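Structure record follows, encoded as structure tokens.
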Amino acid sequence: MPKAASSVKSTLGAALSIGLLAAPFAALPAVATETEPDPEVSTDAAGGTYELNLLGINDFHGRIDGNTVKFAGTVEQLRADNPEGTVFTSAGDNIGASLFASAVQADEPTIDVLNALELDSAAVGNHEFDKGFDDLDGRVTDRAGYPQLGANVYQKGTATPALPEYELVEAGGLTVGIIGAVTEDTATLVSPGGIAGIEFGDPVEAVNRVAAELSDGEGDEADIILASYHEGASSSADLGTATGASEVFNRIVNGTSAEVDAIFNGHTHLGYTFEAPVPGSGETRPVVQTGQYGENVGQIKLTVREGEADGEATFDVENFEMALVPRTTADDAALIGQYPRVAEVANIVAAAEDHAEAVGEQPVGEVTGDITTAFIGDKRDDRASESTLGNLVADSLVESLSAEELGGAEIGVVNPGGLRSELYHAPDGVITYAEANAVLPFVNNLWTTTLTGAQFKTLLEQQWQRTADGEIPSRPYLHLGLSDNVNYTYDPNAGQGSHITGVWIDGEQLDPDREYRIGTFSFLAQGGDNFHVFREGTNTRDSGLIDRDAWIDYLAQNKPLSPSFDRRAVALTGVPATVEPGDNVSFQVSKLDLTSLGAETEGNANTELTLRYEPSADGTSAFARAVPAAALPADLGIFAVSDGAATVSFTVPSELRGGVFTLTAAESGTLVRLPIEVPTAGIPAPGDQQPGEDAPVDDQQPGGDPLPDSPVDDGQPGDRLPGGDDQDREPAAGQDPERLAETGADGVLPLGIGALVLLGGGLAAVLAARRRKLTADR
């Protein structure tokens, strides 16, 4: 039937908004926003008013566990408010990124639970496409007793819908039209191969098109229209903030047709109830998202008045209430006894958990030794220390996310609190599905984001924790797991924000201006665990993978895995910022040994460090033959390590050609690049003159008689040979007569041409000059 313009009468100007984090959180109180009812409205349907009870969920993500029965009980408790007038719908992502008990059976237990609860419809979410469109349109649709709605999903290159666009539900004496749409970003969130034949359009445009069709007086018609978007706000602070922070959400609020009476959201995992304006009417309507994982159920109560216009019945929303209702805490047995649908859900959950337990015994990987979190004595999970397991998981993130279509990760980053179990070797080195799943049980999505080198250094600094308000949290330090292409040094005694002294990526010093792609968990990428700089990341992408599945694939493809006891981070104190030839240097090294199981056993615990000098390739090329090995040694000493610490003392070589000083731990293989700026400099040695220099003399000889092999080293440029006149002397071969010869300990080394001059003509020129002067003196 034709619909008149909405006539909602509202007196409440602000809506409840509740932000939900990726980690579990405390249940939210039930708070409702409601409009004032018109005192003339009758509650008798025969007198022209109707009551609807709209229940909504979003981003359930296969939560088949100990809370599922309580979730079902919450739905049934709310249904009991108005059994005949209830419509139960989902805004998408019912499946995918699921818990083990659901995922191990391709989310069939989740579909069965929603069938048992008589879900009326579901907008498709991006995760419904995780296994490809054919799986959604075939296996999932065939099993589900509810339609998968996607008004903005089209056959590629056409305007032909690839999925049902809407569902009509009879409830409380009215026909309710539910239109579903998915985020337009879906193509970037799932594997391209699985969606090759379809494309995703503007969700608001699609909802408006279908809403017009359902209210044009032709064909299928709806008395009340509900839009279910798998898209939502990026902020739950208040409506103004939310619309200002997201252009997409602003379009949903201010661009969705006035024919739509209520809106459910999903995708962003936030909880909010916004009273939003209806475009062009001056009235308002409810916009609700429930958070995630069935932790809340959204409830919108509509009072609808029947009227007449041009001889046709009209149905206008007279008032509404909306609330986020937290999952009940009632006893499971009581819920099962009271509600038949909950009893059916309980049976589905029990069967799924039994199956998951059996499957959990299947082998998925192998290890040659324990790979664990950091230990203190016999206690696991020392989050303030680097670990073999944290670094291994970071390596797996790079491998899982390195493909461009999955985000192009270069660096893996893991928060220590995400590691909930160990990979133990006992009894046979086999890792079962359940054991692997226990390491990463949170079912986070894997994301990538771009940080500059400067931001990545800030990320490492934020291991020394501060809250958003600048307070020190209960865990003042959290050590990140990092992929094996990252090394850094730090000063544990430095002030806040100044701990990191050097960072190297793939053996190259960190470039503060370069952009690096980081692979991590969705929780961390959103600034979790006080790593606030992640919120500054750009081109942040959800790969569509969940951590558990990618992790298990990695274990299966890389077996057997062995623990790696090399450290990514080493503590240094007393290291100079720069050195000069001949300097005596002494500093302390600590945190050389990991504390994961096996790290301190014989053969793994470090006993010595080798110090080497590695000149830069450019710096050594010109001196490859001119500088004696004694002046430019490679090995500078071996130093004893005790309890992961060592004192390093050495004399800087007399020749420096840029490059880096390195320490290598023999047992673990830990490589430490010292954060020392190494110049190009040297102390002149016999026969090491620049082309055209005056020949040196030994000014200790009586009368200053020159000797061919006795150079002077007084550090003064332009010394003359006794008995000669610089103005009368011919310039050496290749020398510019306008230039004075230069000597000294700190000359900048010329490259390229300087190398040719030195190696080709320099030595001959010096000898010729000496012969001429000796002849003249005779």
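Counted the way mature numbering (1 follows the signal peptide of the UniProt record, and there is no 0) counts, the sequence shown spans residues -32 to -1, 1 to 746. Backbone N, C-alpha and C define an ideal beta-carbon position, used for all residues, glycine too. Predicted model only: the values in this text are computed from it and were never measured.
Residue state for residue 208 is assigned as helix, using DSSP reduced to three classes. Boundaries for residue 459: no alpha helix (DSSP H) harbours it, and the DSSP string shows neither H nor E there. Here the alpha carbon of residue 421 sits roughly 12 Å from the alpha carbon of residue 470. With a threshold of 16 other beta carbon atoms within 10 Å, residue 124 falls short and is exposed. When the beta-carbon positions are compared, residue 84 and residue 312 come within less than 7 Å of each other.
Taken through DSSP and simplified to helix, strand or coil, residue 486 comes out as strand. Looking from the CA of residue 29, the closest CA among 45, 22 and 97 belongs to 97. Nearest to residue 645 by alpha-carbon distance, out of 582, 614 and 168, is 582. Closest option to residue 173, judged by alpha-carbon separation, among 182, 205, 274 and 220: 220. The residue among 243, 248, 232 and 241 with its C-alpha nearest the C-alpha of residue 223 is 248. For the pair residue 133 and residue 155, the CB atoms are not nearer than the 7 Å cut-off. Residue burial is scored here from C-beta neighbours: residue 111 has fewer than 16 other C-beta atoms within 10 angstroms and is therefore classed as exposed. In this structure, the beta-carbon distance from residue 70 to residue 32 falls below 7 Å. Remark: C-beta atoms of residue 412 and residue 355 do not approach each other more closely than 7 Å. Taken through DSSP and simplified to helix, strand or coil, residue 213 comes out as helix. In this structure, the beta-carbon distance from residue 564 to residue 626 does not fall below 7 Å. The region 304 to 354 is shown to contain whole alpha helix (DSSP H) runs of 4 or more residues at 308 to 327, in chain order.
By the criterion of a C-beta distance shorter than 6 Å, residue 377 is surrounded in its chain by 366, 369, 370, 416, 485 and 487, once the five residues flanking it on both sides are discounted. Non-local C-beta neighbours of residue 604 in its own chain, meaning closer than 7 Å and more than five positions away in sequence, comprise 579, 580, 581 and 618, ordered along the chain. In the structure shown, residue 569 falls within a coil segment according to DSSP collapsed to helix, strand and coil.
Counted as a single uninterrupted DSSP element, the beta strand (DSSP E) harbouring residue 507 occupies residues 506 to 514. If the five residues before and after residue 81 are omitted, its C-beta is found closer than 6 Å to the C-beta atoms of 313 and 316, all from its own chain and listed in chain order. DSSP places residue 583 outside both helix and strand once states are collapsed to three, so it counts as coil. The beta strand (DSSP E) runs lying completely inside the region 365 to 411 and spanning 3 residues or more are 379 to 382 and 398 to 400, given in chain order.
Secondary structure of residue 522 (DSSP, three-state): helix.
Minimum Cα-Cα distance from residue 405 among the listed residues 520, 293 and 426 corresponds to 520. Shown here, residue 543 sits in coil according to DSSP, grouped into three states, outside any helix or strand.
Annotated three-state conformation of residue 280 is strand, per DSSP.
No alpha helix (DSSP H) of 4 residues or more sits fully in the region 100 to 141. Judged by DSSP secondary structure, residue 39 falls within the alpha helix (DSSP H) whose first and last residues are 36 to 47. Spatial neighbours of residue 561 in its own chain (CB-CB distance under 7 Å, excluding positions within 5 residues in sequence) are listed in chain order as 567, 568, 573, 574 and 612. Assigned with DSSP and collapsed to three states, residue 275 falls in strand. Where residue 172 is concerned, the enclosing alpha helix (DSSP H) starts and stops at 171 to 181. Boundaries of the beta strand (DSSP E) harbouring residue 555: 552 to 558, taken from the DSSP string. Between the alpha carbons of residue 51 and residue 23 lies a gap of roughly 11 Å.
By the Cβ-count criterion, residue 250 is exposed, with fewer than 16 other Cβ atoms from all chains shown falling within 10 Å of its own Cβ.
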